[in-house]
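A.B. asks:
Protein chains: 2
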Amino acid sequence: MSNEQASNIRQVAALAGVSTATVTRSLQYPDRVRPETREKVLAAIKQANFVPNAQARSFRLQSNRTVILLVRDIGNPFYLDIYKGVEEVASEAGYKVLMGDARNDAGRVGAHIDMVRQKHADGLILMTGQFPTEILAQPGLLPPIVIASEAVPGIDLPTVKVDNVAASREAVRHLISSGHREIVHVAGLLPESIASERLEGYRQALTEAGIDLREDLVIPGDYSIDAGRAAVRRLIEAGIRFSAIFASSDEMAIGAISELRIHGRVVPKDVSVIGFDDMIFANAYEPPLTTVRQPRREMGRQAMALMIDRLSGNSTPKIIELETELVIRCSVAPHD
Amino acid sequence: MSNEQASNIRQVAALAGVSTATVTRSLQYPDRVRPETREKVLAAIKQANFVPNAQARSFRLQSNRTVILLVRDIGNPFYLDIYKGVEEVASEAGYKVLMGDARNDAGRVGAHIDMVRQKHADGLILMTGQFPTEILAQPGLLPPIVIASEAVPGIDLPTVKVDNVAASREAVRHLISSGHREIVHVAGLLPESIASERLEGYRQALTEAGIDLREDLVIPGDYSIDAGRAAVRRLIEAGIRFSAIFASSDEMAIGAISELRIHGRVVPKDVSVIGFDDMIFANAYEPPLTTVRQPRREMGRQAMALMIDRLSGNSTPKIIELETELVIRCSVAPHD
DNA sequence: TTGAAAGCGCTAACAA
DNA sequence: TTGTTAGCGCTTTCAA
């Protein structure tokens, strides 16, 4: 049998009786080489069990065709579909995708930015609103970054997002048109932009209907199941009345519903609930959850497209806005 | 202000009036350098806005301290906690983690193995039972691989797993002791090892109780919500009687429950259900799901520890077996 | 404690 | 169409 150990391009060249340049060409530009020569090279490669060293290649090319997808919290399945979208267009273009976890921590965002500056990856797709302030101070040192779903104030980067104000307004309107007036908003992490925009949509829908925004009905959360539970617990302990909840994630909606049930209130009979995202389990939940669908896969695709654009030298910071859709299922009932 | 563009170690050396070796030493082995020299170097680094090029470093070191975590299906949140565990011990040891999606496709596993052979990463943590047969034929060419949760027949690799036979047997025993005898098993992807082992546990529990295994009660699935739905639909359409379901994932359990509800059967009153994994939503589901808890985070931690071991030259293929636990909640009721 | 210099594996500019 | 060769940025050996 053949050699077991890592060989290099020089050994292959020697074996095939050609130069290293010809080996490279046989591999990278097959048609710049005579077919017979190519044959010889390929045979030698096989015989030597040669596998090109990607590190050497990246080094030489000063690019490793890798992109980091940095998410707010990797425990949230929301990002799984985003990843799929990113990976689809990345792999078409010969890029790899590394997924990173920011753990809701600006410091870790900084660490990942450094990874790109150190050339561990060519670019960063950022899916968190947190951003290290010290880096904001020196925008000239920023590596290629694309923002997805979120926004970083005070910095102008290619972005793909959703119209959160409109989406949220539509959801709350739906609740209002079902007769609800005491509507809780389990918000995201305020004052970040997603959370603020959705709060704004909530406010707008309320105002349209002549309902005053009550601060005691707005409870921020971190998008987790537990945050939904905690919000309901807090409301009930404080003795606050409400007939509906608009939550800024499906997880929080589900946490809320589960906690309501513990306190003897069933959805939608006693309380109506709308979530956000349309996660895979939303439809399998009991009751099937009315929610705002986000085009996650498409968001991922567009974000990666923007990144490729940026990496190809195009540097106009585009903003792409995608459509959401209110998916009506069974967690909202009329209120009188 | 300082230079904006990428500088290299030579420029820093020149600025500091030292050799490149001294710059490297100041960075990598601070105490092999006189404090004053170090100061000078650090000042120069700052002034030049120098960021070491990780690619060059990896190339030189022939290692990039990166590990690929390749999962069966990245759409499954099961792997999120695994990732967290892997990432925890990886980052402690200075490794990065790249997550890859095998999409239930042996070909894609082969592609990722090639990535490691090409030195895109130092090792591969494999979380799928699929494996390209052509690679099995040349085990000498295998890069560092650790298996987690699954098993690849005919190949001897460091592995961290769970006692699937025992876990599954315990779950089915619980159903039997609640009076159930017509127990469906929504299995995993047969004939892969996880699925076979759990089926074996199911068989053992049945046999102990003097119940014959009926093939029409065993339905394989791919661990997804839809697979759970499909299984129930198939059973009902075929007019097969059953009073309990043991599913090989929480998603399939939930899919099954949701589908049962559509057909007017409520859990646990009409049908009892046990899942597998204890995903985060299992406890927030209605009814809260009785399930087999897998120590996912710990599995990830151990897998990465095994990998570090392997990468440090230790090559005895250890097998680590972790404990599961039957978590009793509300989806099982007595049957008479 | 420091410096000089070789070289990791590959690609591409240039020459033949 | 093919070969020669410089060099990417870093680390490390060897010598001073």
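First to last, the protein sequences are chains A and B. If you count the first sequence from 1, position 114 lands on 114 in UniProt numbering, and the numbers rise without skipping. If you count the second sequence from 1, position 312 lands on 312 in UniProt numbering, and the numbers rise without skipping. Where is the CB? At the ideal position from N, CA and C, for every residue including glycine.
Taking the beta carbon of residue 53(A) as the centre, do at least 16 other beta carbons fall within 10 Å, making it buried, or is it exposed?
C.D. replies: buried
A.B. asks: Leaving out the 5 sequence neighbours to the left and right, which residues in its chain are closer than 7 angstroms to residue 218(A) when beta-carbon positions are compared?
C.D. replies: Excluding sequence neighbours, residue 218(A) sits near 185, 187, 199.
A.B. asks: Does the beta-carbon distance from residue 71(B) to residue 303(B) come in below 9 angstroms?
C.D. replies: Judged by beta-carbon spacing, residue 303(B) lies beyond the 9 angstroms limit of residue 71(B), meaning their Cβ atoms are not closer than that value.
A.B. asks: Looking at residue 245(A): is its Cβ nearer than 9 angstroms to the Cβ of residue 274(A)?
C.D. replies: yes
A.B. asks: Starting from residue 183(B), follow its DSSP beta bridges and name the residues at the other end.
C.D. replies: 244(B)
A.B. asks: Taking its Cβ as the centre, do 16 or more other Cβ atoms sit within 10 Å of residue 337(B), making it buried, or is it exposed?
C.D. replies: The question about residue 337(B) has no answer, for chain B in this structure spans 1 to 336.
A.B. asks: Can you tell me the Cβ-Cβ gap for residue 146(A) and residue 157(A), rounded? I've got them flagged as a contact below 8 angstroms.
C.D. replies: 7 angstroms
A.B. asks: Could you tell me which residues DSSP puts in a beta bridge with residue 200(A)?
C.D. replies: Paired residues: none, contrary to the question.
A.B. asks: Taking a contact to mean a Cβ-Cβ separation below 9 angstroms, would you say residue 111(A) touches residue 131(A) in this structure?
C.D. replies: Between residue 111(A) and residue 131(A), the C-beta gap is not smaller than 9 angstroms, which leaves the two residues out of contact.
A.B. asks: CB residue 18(A) to CB residue 41(A), shorter than 9 angstroms?
C.D. replies: Taking 9 angstroms as the cut-off, the Cβ atoms of residue 18(A) and residue 41(A) count as close.
A.B. asks: Pick helix, strand or coil for residue 260(A), following the three-state DSSP scheme.
C.D. replies: helix
A.B. asks: With burial defined as no fewer than 16 other Cβ atoms inside 10 Å of the residue's Cβ, what is the status of residue 266(A): buried or exposed?
C.D. replies: exposed
A.B. asks: Are the beta-carbon atoms of residue 293(B) and residue 271(B) separated by less than 9 angstroms?
C.D. replies: No, Cβ-Cβ distance for residue 293(B) and residue 271(B) is not below 9 angstroms.
A.B. asks: Does residue 80(B) have its Cβ less than 9 angstroms from a Cβ in chain A?
C.D. replies: yes
A.B. asks: Please list the residues of the segment 242–270 of chain A that have a C-beta atom closer than 7 angstroms to any C-beta atom in chain B, keeping them in chain order.
C.D. replies: 254, 255, 258, 261
A.B. asks: When the Cα atoms are used, what is the spatial distance from residue 75(A) to residue 23(B)?
C.D. replies: 40 angstroms
A.B. asks: At a Cβ cut of 9 angstroms, what residues of the segment 103–120 of chain A count as close to chain B, listed as they run along the chain?
C.D. replies: 114, 115, 117, 118, 119, 120
A.B. asks: Using 9 angstroms as the threshold, is the C-beta distance between residue 82(B) and residue 127(B) below it?
C.D. replies: Cβ atoms of residue 82(B) and residue 127(B): closer than 9 angstroms.
A.B. asks: For residue 58(A), return the contacting residues in chain B, with the cut-off set at a CB-CB distance below 7 angstroms.
C.D. replies: 55
A.B. asks: Which stretch, first to last residue, makes up the beta strand (DSSP E) that contains residue 293(A)?
C.D. replies: 290–293
A.B. asks: So, helix, strand or coil for residue 148(B), using DSSP?
C.D. replies: strand
A.B. asks: Which chain A residues are close to residue 84(B), counting only those with a beta carbon under 9 angstroms from its beta carbon?
C.D. replies: Chain A residues near residue 84(B): 74, 75, 101.
A.B. asks: Between residue 288(A) and chain B, is there a C-beta pair that is closer than 9 angstroms?
C.D. replies: yes
A.B. asks: With 16 as the cutoff for other CB atoms within 10 Å, does residue 95(B) come out buried or exposed?
C.D. replies: buried
A.B. asks: Span of the alpha helix (DSSP H) holding residue 237(A)?
C.D. replies: 225–237
A.B. asks: Is the distance from the Cβ of residue 232(A) to the Cβ of residue 213(A) below 9 angstroms?
C.D. replies: no
A.B. asks: Sort 312(A), 152(A), 291(A), 45(A) by Cα distance to residue 249(A) and report the nearest one.
C.D. replies: 291(A)
A.B. asks: Starting from residue 35(B), follow the alpha helix (DSSP H) in both directions and report where the run begins and ends.
C.D. replies: For residue 35(B), the enclosing alpha helix (DSSP H) stretches over residues 35–48.
A.B. asks: Work out the CA separation of residue 63(A) and residue 162(B) for me, nearest whole Å.
C.D. replies: 40 angstroms
A.B. asks: Out of 285(A), 300(A), 89(A), 124(A), which one is the CA nearest neighbour of residue 229(B)?
C.D. replies: 285(A)
A.B. asks: Residues of the segment 211–233 of chain B with a CB closer than 7 angstroms to any CB of chain A: list them in chain order, please.
C.D. replies: The residues in question are 225.
A.B. asks: Determine, using beta carbons only, whether residue 29(B) comes closer than 9 angstroms to chain A.
C.D. replies: No, because no Cβ of chain A sits closer than 9 angstroms to the Cβ of residue 29(B).
A.B. asks: Leaving aside the five residues before and after residue 108(A) along the sequence, list all residues of the same chain whose C-beta is less than 6 angstroms from its C-beta, in chain order.
C.D. replies: Residues 102 of the same chain have their beta carbon placed closer than 6 angstroms to that of residue 108(A), with the five preceding and five following residues left out of the count.
A.B. asks: Please say whether residue 209(A) and residue 257(A) have beta carbons closer to each other than 9 angstroms?
C.D. replies: no
A.B. asks: Could you spell out where the beta strand (DSSP E) holding residue 326(A) opens and where it closes?
C.D. replies: Where residue 326(A) is concerned, the enclosing beta strand (DSSP E) stretches over 325–327.
A.B. asks: Report all residues from its chain with a CB closer than 6 angstroms to the CB of residue 190(A); omit the five preceding and five following residues, and keep chain order.
C.D. replies: Within the same chain, and ignoring the five residues on either side of residue 190(A) in sequence, the residues whose Cβ sits closer than 6 angstroms to its Cβ are 220.
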